[in-house]
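What follows is a short report on a single structure.
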Amino acid sequence: MKNLIILLLALLISGSTMVGQTTIKKQEKNKSQNMKHLDWTRNANIYEVNVRQYTPEGTLEAFRKHLPRLKKMGVDILWLMPIFPVGEKNRKGSLGSYYAVKDYHGINPEFGTKDDFRKVVEEAHQLGMKVILDWVANHSAWDNVWVEQHPEYYEKDDKGNLISPFDWTDVISFDYNNREMREAMTEALKYWVRDFDIDGYRCDVAGMVPTDFWDNARKELDEIKPVFMLAEDEDNADLMRAAFDMNYSWKLHHLMNDVAQGKKNTNDIWAYYDWNNSVFAPDMYRMTFTTNHDENSWNGTVKERMGDKAGETFAVFTFVAPGFPLIYSGQEAGLDKRLRFFDKDTIDWSNLDKAAFYSKLINLKHHNHALWNGTAGGDLVPLSKGVNDHVFAFTRQKDGNRVVVIMNLSKDSQSFKLDNHDLKGDYTDYKTGKPFYFKGKHRWHLAPWEYVVLSSN
């Protein structure tokens with residue numbers, strides 16, 4: 104969805120440079136975040152749950168059996184893709200899109216019942232995990248219950264016809280000029296927090312919905328219980344001022360793909376961080392990822408886009424560089440297929456060969472304050488900027504905790520010498536678990552896509 108929005112914006116505003124300048128100028132006006140993040144978000148990760156494809160049954164009850172495993176892996180926040188009934192009119196595929204919502208107060212009968220969902224939330228909470236729901240506020244299915252009950256809630260063209268956003272022919276757009284529609288949408292959001300005790304929302308194409316709606320919705324939700332809000336957006340920092348805790352690091356994700364494919368190098372990543380730091384305040388959470396439901400289904404698997412070695416290195420990157428790391432359903436099982444979006448396509452769980460890999464990364468982030476999220480963690484301090492186009496090295500430090508990270512982001516072997524006596528001291532080598540004493544000078548000979556993470560805490 105996000106890529107389509109960018110394409111249309113590019114057509115409306117002449118030139119990619121101008122688009123970038125306009126975005127940055129707009130965002131620089133809103134650098135402060137007028138909210139206090141919940142304590143449990145400080146060192147948290149997020150795990151996206153594709154309920155339909157998670158088990159052969161494709162139900163909430165079947166997914167619930169995986170909760171102890173996910174807790175053992177170290178998952179903090181469960182983001183469930185939309186669990187609501189899917190529209191039938193103009194449906195795509197045999198099962199339709201999760202994002203064509205027929206009833207904002209219902210549960211997709213293919214997934215089970217409200218009691219099944221309540222059990223998922225209750226058990227997740229008992230295990231110490233949080234649950235957020237995917238919410239679609241910009242549009243609904245053609246046969247949403249509101250279409251007949253409140254046709255005035257929807258946008259219409261000059262002839263009175265309902266309007267689909269872009270080429271999303273299975274959905275129609277809401278009219279946010281209608282106050283009653285806003286109130287109904289807000290009440291629907293409040294329903295799941297109040298009646299099911301969920302912990303927040305991931306909001307689809309959040310930037311297509313007026314910011315003042317989100318600001319008010321967040322305020323009303325927080326009156327029920329403090330919530331966590333994730334915006335599928337990167338182009339409007341206004342959303343992050345009062346409504347959302349976190350948005351997407353789309354630009355960084357696309358850079359990872361380009362670097363993995365040899366199209367760009369570490370200079371582009373340094374430039375990204377310069378841009379990011381000029382636009383987003385340090386306390387604004389930025390979600391980092393190697394894949395998600397959109398990328399997997401539409402743009403390819405991690406292996407297709409990055410390759411195995413680069414994919415592993417960039418997965419480590421999402422945990423050790425500034426950002427809030429995401430794991431998508433099946434990554435811990437080495438997911439290596441594009442999951443169908445509109446039809447049944449069960450994830451293969453026969454080999455959880457990556458579970459230990461992610462569990463170890465999660466444990467590192469949980470226990471080293473330098474890697475915590477937002478201002479709870481340490482700033483990224485470059486160590487290789489302008490030195491080597493293919494080695495990305497940096498340090499982060501917070502509350503007596505430190506990491507030194509050295510990554511070869513290329514298909515060729517690289518040599519990197521670090522001469523910095525300020526970093527002198529005792530560390531643990533993340534990969535080997537062995538002590539490492541940095542004397543102030545050391546040269547590493549790095550194989551293609553090799554990474555070194557030194558941790559002191």
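Mapping the sequence shown onto my numbering, position 356 (from 1) lands on 459, and the numbers just tick up by one. Note that the Cβ used here is the ideal one computed from N, Cα and C, for glycine as well. Nothing here was measured: the structure is a model prediction, and the numbers come from that model.
Is there contact between the region 379 to 399 and the region 353 to 368, where contact requires at least three CB pairs shorter than 8 Å? Taking a cut-off of 8 Å for Cβ pairs, the region 379 to 399 and the region 353 to 368 touch, as three or more such pairs fall below it.
Residue 374, DSSP secondary structure in three states: Helix, per DSSP.
Does the region 204 to 212 come close enough to the region 479 to 496 that 3 or more CB-CB pairs lie under 8 Å? No: the two stretches stay apart, fewer than three of their Cβ pairs being nearer than 8 Å.
Give me whichever residues DSSP pairs with residue 428 in a beta bridge. 391.
Own chain residues within Cβ distance below 6 Å of residue 386, not counting five before or after: Cβ contact annotation for residue 386 (same chain, cutoff 6 Å, sequence separation greater than five): 136, 477 and 478, in chain order.
Say whether the region 440 to 459 touches the region 155 to 169, bearing in mind that this needs 3 or more beta-carbon pairs closer than 8 Å, one atom from each stretch. Contact between the region 440 to 459 and the region 155 to 169 is present, because at least three Cβ pairs lie under 8 Å.
Delimiting residues of the beta strand (DSSP E) encompassing residue 198: That residue, residue 198, is in no beta strand (DSSP E); it is neither H nor E in DSSP.
So who's on the other strand from residue 276, going by DSSP bridges? 242.
Mind checking whether the beta-carbon of residue 146 lies closer than 6 Å to any heavy atom of the ligand ADP? The model depicted lacks the ligand ADP and carries no ligand whatsoever.
Out of 138, 434 and 519, point me to the one whose CA is closest to residue 457's CA. When the alpha-carbon of residue 457 is set against those of 138, 434 and 519, the nearest one is in 434.
Does the distance from the C-beta atom of residue 257 to that of residue 313 stay below 7 Å? Contact annotation: residue 257 and residue 313 have beta-carbon atoms that are not nearer than 7 Å.
Nearest-angstrom Cα separation, counted from residue 141 out to residue 355: Rounded to the nearest angstrom, the gap between the Cα atoms of residue 355 and residue 141 is 25 Å.
Could you tell me whether the Cβ atoms of residue 306 and residue 401 are closer together than 7 Å? Not closer than 7 Å, so no.
Inter-stretch contact (C-beta, 8 Å, three-pair minimum) for the region 214 to 226 and the region 290 to 308: In the pairwise beta carbon analysis, the region 214 to 226 is classified as touching the region 290 to 308: at least three pairs are separated by under 8 Å.
Starting from the C-beta of residue 508, find all residues in its chain whose C-beta is less than 6 Å away, skip the five residues before and the five after it, and write them out in chain order. Result list for residue 508: 423, 497 and 556, in chain order.
Using 7 Å as the threshold, is the C-beta distance between residue 246 and residue 164 below it? Remark: C-beta atoms of residue 246 and residue 164 do not approach each other more closely than 7 Å.
Which of helix, strand or coil DSSP assigns to residue 203: In the structure shown, the three-state DSSP call for residue 203 is coil.
Please work out which residues of its chain come closer than 6 Å, Cβ to Cβ, to residue 475, disregarding the five sequence neighbours upstream and downstream, and give them in chain order. Cβ-Cβ distances below 6 Å link residue 475 to 145 and 146 in the same chain, with the five nearest sequence neighbours on each side left out; the list follows chain order.
Suppose the cutoff is 8 Å on Cβ atoms and the five residues either side in sequence are ignored; what does the same chain contact list for residue 291 look like? Counting only Cβ-Cβ distances below 8 Å, and skipping sequence neighbours, we find 207 and 208.
Given this structure, state the Cα-to-Cα distance separating residue 124 from residue 315, to the nearest angstrom. At residue 124 the pLDDT is 29, less than 50, meaning the model places this residue with poor confidence; the figure from the coordinates comes in the next sentence. Distance between the alpha carbons of residue 124 and residue 315 is about 24 Å.
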